[in-house]
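Taking the working numbering, the leading residue of the sequence shown gets 4, the next gets one more, and so forth. The structure appears below as C-alpha cells.
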Amino acid sequence: MNVSLKRIQAIFIKDYKEFSRNYAVSIMIVFPIAFALLYRTEAGEQAAIYAFILNFSLAMLTSFVQACLIAEEKERNTLRSLMMTPASMLDVLIGKSALVFLISAAVLAFTTYLFGYETSNVMLLAAALGISILLYTAIGTICGLYSKTLLEASLSVFPVLIIFTAGPFALAFEEQYPFLEVLRYLPSSQLSELLVAMEVGAAAGELARPFIIISVWTVVLTIISFVLYKKRLMDQ
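Have a look at this one:
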C-alpha cells in the first residue's frame, strides 16, 4: 500500500484548521494542564497520582479529539469524499492521527513538567507514553467511525474515560470482588504499574511486562481501527 507524504500533510493541515476552529474540541488541551497544577502538591505516591493524570488525559484529550475530528467529517459527509480520493487507507489514518499524536505528546510533556514528575528512565517513560498515545488514538478512531454525529462521538468516549481512568482504582477492591482482577490487564492499569515499578527501581523483567501488555493492546486496537475503516469504505 502506497503512502504519500503530500497527502498525509494535506490531511494534517486540514485537521489542524478544523481543530483550531472548533473550540469545543480544542479546549480539551486545558484539562491535563489543569489536573497537573491541581495535583502537583498533593501528598502520596507521586507515580500513582501521575498515572491518574496520564490516564485521564489520554482518554479525555487523545481519544476525545480523535473521535470528534473523524465524526465531524462523517457528519459533514466529507469523510466519504476523502475515502473516495486516491489517498490510501494509511494516508488517511496517518494524516488524521498525526495531529492528535503531536498535540497529545506536547501536552503530556508539558503536563509532566508542571507536575514535576522525575524518573531516571526517561526513555522508557517516553516510549510508554508514545505507545499509549497510539493506543488511545486507535480507540478514538474506532469511536469516531462508529459515530454518526459529533455528539455521538463525544458520548462514546465517556465509557472509555470512566473504565480506563477508574480501572486502576477499582483494583483496590479485588480481594472482596475477585472478578475485578480482569481490570489489572487494562492498559491504564498497566501504565500505572509501570510507573510505580519505575519509581521503586524494579528489575527489567518487571518493567517489560506492563510495557508489552500495553503494546499488545495498541497493536490489536490499531488493527481493529484499520478493519473498521475498510468496512466503512465498502459500506459507502
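The beta-carbon is built from N, C-alpha and C at its ideal position, and this holds for glycine as well. Bear in mind that the values here come from a model prediction, so they are computed numbers and not experimental data.
query: Over the uninterrupted alpha helix (DSSP H) stretch that includes residue 162, give me the two end residues.; result: 153 to 173
query: Identify which residue in 53, 11, 106 has its Cα closest to the Cα of residue 202.; result: 53
query: Quick check: the Cα distance between residue 69 and residue 194, rounded to an integer number of angstroms?; result: 21 Å
query: DSSP on residue 119, reduced to helix/strand/coil?; result: coil
query: Which residue wins for smallest C-alpha separation from residue 55, given the options 228, 173, 225, 183?; result: 173
query: On the three-state DSSP scale, how would you describe residue 203?; result: coil
query: Check whether the Cβ atoms of residue 162 and residue 189 sit closer than 9 Å, and answer yes or no.; result: no
query: Tell me which residues share the same chain as residue 35 and place their Cβ nearer than 7 Å to its Cβ, disregarding the 5 neighbours each side in the sequence.; result: 56, 60, 64, 110, 111, 114
query: Using DSSP with H/G/I as helix, E/B as strand and the rest coil, what is residue 177?; result: coil
query: Go through its chain and collect everything with a Cβ distance to residue 50's Cβ below 6 Å, but skip five positions before and after it.; result: 198, 199, 202
query: Suppose the cutoff is 8 Å on Cβ atoms and the five residues either side in sequence are ignored; what does the same chain contact list for residue 176 look like?; result: 183
query: Looking only at C-alpha atoms, which of 94, 24, 108, 38 sits nearest to residue 72?; result: 24
query: Indicate whether residue 104 and residue 136 have their beta-carbon atoms separated by less than 9 Å.; result: yes
query: Just list the alpha helix (DSSP H) runs in the region 23 to 74, keeping only unbroken ones of 4 residues or longer that don't cross its boundaries, in chain order.; result: 26 to 29, 33 to 42, 49 to 60
query: Provide the residue span of the alpha helix (DSSP H) that contains residue 139, from first to last.; result: 125 to 149
query: Buried or exposed for residue 168, please, with buried defined as at least 16 other CB atoms from any protein chain shown within 10 angstroms of its CB.; result: buried
query: State yes or no: is the beta carbon of residue 92 nearer than 9 Å to at least one beta carbon in chain D?; result: The chain labelled as chain D is not found in the depicted structure, where only one protein chain is given.
query: Considering only C-alpha positions, which residue in the set 180, 20, 140 is nearest to residue 229?; result: 140
query: Does residue 218 come out as helix, strand or coil in the three-state DSSP assignment?; result: helix
query: According to the Cβ coordinates, are residue 75 and residue 128 closer than 9 Å?; result: no
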